Each structure stands twice: as C-alpha cells, then as structure tokens.
Amino acid sequence: MSLPVRLRFAPSPTGPLHIGGARTALFNWLYARHCGGVFVLRIEDTDRSRLVPEALDDIVSGLRWLGIDWDEGPDVGGPYGPYCQSERADLYRHWARWLIEQGQAYKCWCTSERLDMLRHVQHQEKGKVGYDRHCRRLDPTQVAQLESSGAPYVVRFKVPASGGTSIQDLIRGDITFQHEQLEDLVLLKSDGFPTYHLANVVDDHFMEITHIVRADEWIPTAPLHVLMYDAFGWKRPVYAHAPLILNPSGKGKLSKRTQAFTDEGQEVLVQLREFRRAGYLPEAVVNFLANVGWAFGDDQEVFTMEQATPRFELSDVNPAPARLPYSKLDWLNGVYIRELEPSRLATAAKPFLEAAGLPVDDGLLLKAIPLVRERIKTLREAVSWLDFLFIDQLAYDPSLLVENRVGPAGSLLALTRVREVLAALTDFETERLEAALRTLVADLGVKPAQLFGIVRVAVSGKTVAPPLFGTLGALGKDRVLARLDQAINLLSRLVM
Ligand code: GLU
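Letter by letter, the sequence shown follows residues 118 to 613 of this note's numbering.
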C-alpha cells in the first residue's frame, strides 16, 4: 500500500506573502488535491531576528483569499503539530545531538572573528569560499577542553568528503552534486535555535511529507538536505523545484523584489496584498499564477482550480525561468468580472468605493454595476466609473457642458428641453428614457452624440461615463432633475 501523499507550504513569516510564495503554495495545494492527499501549512519561524509580527496574518489571509485551504496548520491543528517551528525547538536539539553522537555532525567553536578573517582571505585568494572544517579536525582532547570551557558553539553537519549525491526532482529530473562543492553547514546556532536546514528536514520527516515543492532558489541546499535524510536513516522525499520567476522585462529575478516597482515603465506588483488592493479578483489571480510554468492544455488560459486539479501533474511543470504574464492579468480579471453575478460584483466593488471615501448606497450600486461590468478590468476602476453616483454635489468644469457645434446658448436650450421632457416622464425606466431623448434629438435637429454628450456631463460631471440611459435610470428622477438644474444654472452664467 502506498503512503498517502502529503505536501506542505512552509513560509517564513519575514514579510507579506510574495506572489512567488503564493505560486509555490498553489502548486503544492494543486498537487495535494490532485492526489487526494493532505496539504499542510507550516510556519518556519526559527530565525527570530527576521520575524515580522504582521507577516503571519498576511500569509494566512492571503492564502485564504486565493481559495487555498489547508488540512493541517497552526490555526486548524492536526495530528503532526505543533505547526510553528518555534514551538518545536526541543525536537531539533534532540536530533542535532543524535547526529553528533552518530559522528554525522560536530560542534564548532570558531568565533565570528575567525570566520570573517577566513572569508576575507578566501576572497583575496579567489579560492573556494566557505567553512574550512577547522573544528571537524579537532582531536578528542581539544574537544573535551573546549566543551568544559563553556565557550559558545554551533553544530555543523559533516558532509562526506568525497563522492556525490543525486536528488530526484520531478520537474528537473535528477540533479547531481559533488560533495566537494558542499559546505558543512550550521544546523544548530549558538543560541540553541535550529537553522532552516535542520528544522526543515526534521519537520518534513516527522510530518511525513512525501513531496517538497518549493522555489528553485533552494536547489543548492537540496543535496545537503538529502544527505541529512540519509544520515538520519530517513526516507527521502521527492523534490519538485518550481521555475524561477523573472521580472516582466525578463531581466532579473522577481523574487528579489519585496514590493511593487516599475520595470521598463510598467508597474509590477509583487506582494499578494498589492494585487488584492489593486482590485484583482482572487479567481483571476489564482488562474494567472497557475499559468506560470504550467499550462492547462488545449490552449485554454481561463480555467478554475476545480478544472485544473485533475490535470495538474508536477512532471508537466516547465523548468525554464518564467515571467509572470502581467499583460494577461487585466484581461483575465475582466473575464472573471464579467462572469460575476451583479450582486457579487457589487459586494466586491463596494470596499474600493468606500476606500475612496464614497458613501455607498447598496441599492444604487446594484442598479449601476451592470452598466460598468463590461468596462472595468479591476474592481478599483469601478471608482472612477461610478463615483458620481454617490456624490451629492457634483463639481466639474462648466465648459464641459458646452457642445462645440451649438455653443453655450444652444447647449443651454437643449438642456432646458431635456429637463422638460424628463420632468414629464413618470416612469424612469431605460427604454422610456431612451425613446424620450431620441425623440428630442429629432425635434432639436441635432446629432444624438451632441445631445447625449451634454446630458452625460450634466448628470455625471464627466465626458466619459457609463451608458447614459441606464445611468439616468439608476440615479432616479429627482436626482437627475436636480443635476440638470445645476447644469442649466452653470450654463446660464456662461451665456450671460
Ligand atoms: N521557509 C522556507 C521559505 O521561506 C521554506 C523552503 C522550503 O520549502 O523548503 O521559503
């Protein structure tokens, strides 16, 4: 019987959730769900100096927003907990000691001054850099002396002096490293806290993780990790190192960026919360991420995660560095916006309008949202399209009311007639409004665009606004007449 498939996302809470981290989480989650396995959230918080208190909340809420759920984790518990490494320190110390007893690790008393000096000399000589294994060569008497001195020490892993190690990677095939290229990395720091390497390997073993999907920046340390599994006598997991994400220009790594920046004139978002704040829908962002290094097939770019799950194989992920297809994101988001029920779209857009300081009326928003559904590509764009609906007193440049071909007096006359016609309507319903205004166009002998342009400015304060008749209907008779009065007033002053 094969073991159940178990995957984990293991972020370090050192900052807001990065879009690259979200992609790693997504691939782990998709594969766990594909296999009917378990997805674990583990928090790697042993590097106390780099902790950012708000980061954990940001990571958790970001994953939830994307629709990525976990079966085990710090908040939901599970049989392999605790799921925060800071609560598992004894376990790591135990296994560090065990490795020393087995002769697979050793204590190192080298001071930071000695290590700095070593690095300096190695740089000058342009030779191999890294720890020179000084303490690995100490004899038992020297070790005993140093131990009794109480001097601080770290624990280092003993990498075999010769030979090589291969790791099995589902995305890249086998990757082989020669041991002489590897360093005796620190497993336990002098404060008794583990390094990433020790905590990560111990936890992956005890949490029975079968597949490790993570960013390719971890490839260089993967051989050390598998050597540790071997030293412990534990079964190695299967690796899948996801392709590097490049800046949109193709120059440089996106993973090096910590927040939004401009790349060749284009704004590039980096933190997941920046995507959220910019008005992207989670369905669109998750779809966008699934397209980085993986393809749904059949040339289909728009798909849900339910559709992707049965198809998602790690071995299909392309190892080549990939750019995030930012240029596709607006388009994708537009597709998802158009698919949303008006009530859900109104609910999603409301926080953006409120953040812009607008007192949103839910009924009015629901009436107006279908008018802009085809026009907006982000929820944030709803603000510039719909703000005029929620403003009491419009402020705009009166010259916008003047239609060039008829001039101020002609515009005033047209608007006065519009007011009369609309005041006489009892039913402010789109078709009735359209019929009434089109009749007026014929009566006045102007072009539809001329008349409608003046009315548009009068009711919205803008030259570009949602479709006119729907807008008039949404605003309602009283507010439309009040806005026409305001415009007539402004125009009269221009004519005088
Ligand atoms: N805590 C590591 C990180 O921040 C985890 C790497 C891994 O998945 O092994 O990315």
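Every residue, glycine too, gets a C-beta built ideally from N, C-alpha and C.
Since we're looking at a predicted model, the values are computed, not measured.
So is the beta-carbon of residue i under 7 Å away from any non-hydrogen atom of ligand 1?
i           : result
residue 176 : no
residue 374 : no
residue 161 : yes
residue 149 : no
residue 288 : no
residue 129 : yes
residue 71  : Because the chain is modelled from 118 through 613, residue 71 falls outside the range shown and cannot be assessed.
residue 404 : no
residue 490 : no
residue 326 : no
residue 270 : no
residue 435 : no
residue 284 : no
residue 331 : yes
residue 313 : yes
residue 450 : no
residue 317 : yes
What are the boundary residues of the beta strand (DSSP E) that includes residue i?
i           : result
residue 293 : 290-295
residue 224 : 222-225
residue 384 : 383-385
residue 124 : 123-126
residue 156 : 155-158
residue 305 : 303-305
residue 274 : 271-274
Closer than 8 Å by C-beta to residue i: which residues in its own chain qualify, once you throw out the five before and the five after it? Chain order, please.
i           : result
residue 625 : With the chain covering 118 to 613 only, the question about residue 625 has no answer from this structure.
residue 459 : 483, 486, 487, 490
residue 131 : 164, 167, 168, 169, 172
Suppose contacts are defined by Cβ-Cβ distances below 8 Å. Is residue i in contact with residue j by that definition?
i           : j           : result
residue 223 : residue 305 : no
residue 351 : residue 314 : no
residue 441 : residue 365 : yes
residue 592 : residue 506 : yes
residue 362 : residue 124 : no
residue 256 : residue 274 : no
residue 188 : residue 157 : yes
residue 523 : residue 567 : yes
residue 332 : residue 398 : no
residue 142 : residue 122 : no
residue 276 : residue 299 : yes
residue 571 : residue 528 : yes
residue 599 : residue 575 : no
residue 160 : residue 197 : no
residue 295 : residue 309 : no
residue 250 : residue 396 : no
residue 229 : residue 269 : no
residue 664 : residue 403 : Nothing can be reported for residue 664: it is not among the residues displayed for the chain, which extend from 118 to 613.
residue 344 : residue 405 : no
residue 550 : residue 569 : no
residue 394 : residue 133 : no
State the start and end residues of the unbroken alpha helix (DSSP H) segment that holds residue i.
i           : result
residue 331 : Where residue 331 is concerned, there is no enclosing alpha helix (DSSP H), although the beta strand (DSSP E) it sits in stretches over 328-332.
residue 283 : From DSSP, residue 283 is part of no alpha helix (DSSP H) but of the beta strand (DSSP E) over 281-286.
residue 452 : 443-456
residue 377 : Looking at the DSSP string, residue 377 is not in any alpha helix (DSSP H), and its letter there is neither H nor E.
residue 318 : 313-323
residue 237 : 229-242
residue 358 : From DSSP, residue 358 is part of no alpha helix (DSSP H) but of the beta strand (DSSP E) over 355-359.
residue 594 : 594-612
residue 183 : 172-183
residue 524 : 524-541
residue 575 : 565-577
What do you get for residue i, buried or exposed, if any count of 16 or more other CB atoms within 10 angstroms of its CB means buried?
i           : result
residue 155 : buried
residue 411 : buried
residue 212 : buried
residue 265 : exposed
residue 202 : buried
residue 231 : exposed
residue 432 : exposed
residue 179 : buried
residue 581 : exposed
residue 162 : buried
residue 135 : buried
residue 415 : exposed
Tell me which same chain residues have a C-beta within less than 6 Å of the C-beta of residue i, skipping the five on either side of it?
i           : result
residue 346 : 353
residue 462 : 486
residue 419 : 452
residue 151 : 426, 429
Tell me which residues share the same chain as residue i and place their Cβ nearer than 7 Å to its Cβ, disregarding the 5 neighbours each side in the sequence.
i           : result
residue 286 : 292, 356, 357, 358
residue 477 : 467, 470, 471, 507
residue 137 : 332, 362, 371, 372
residue 374 : 387
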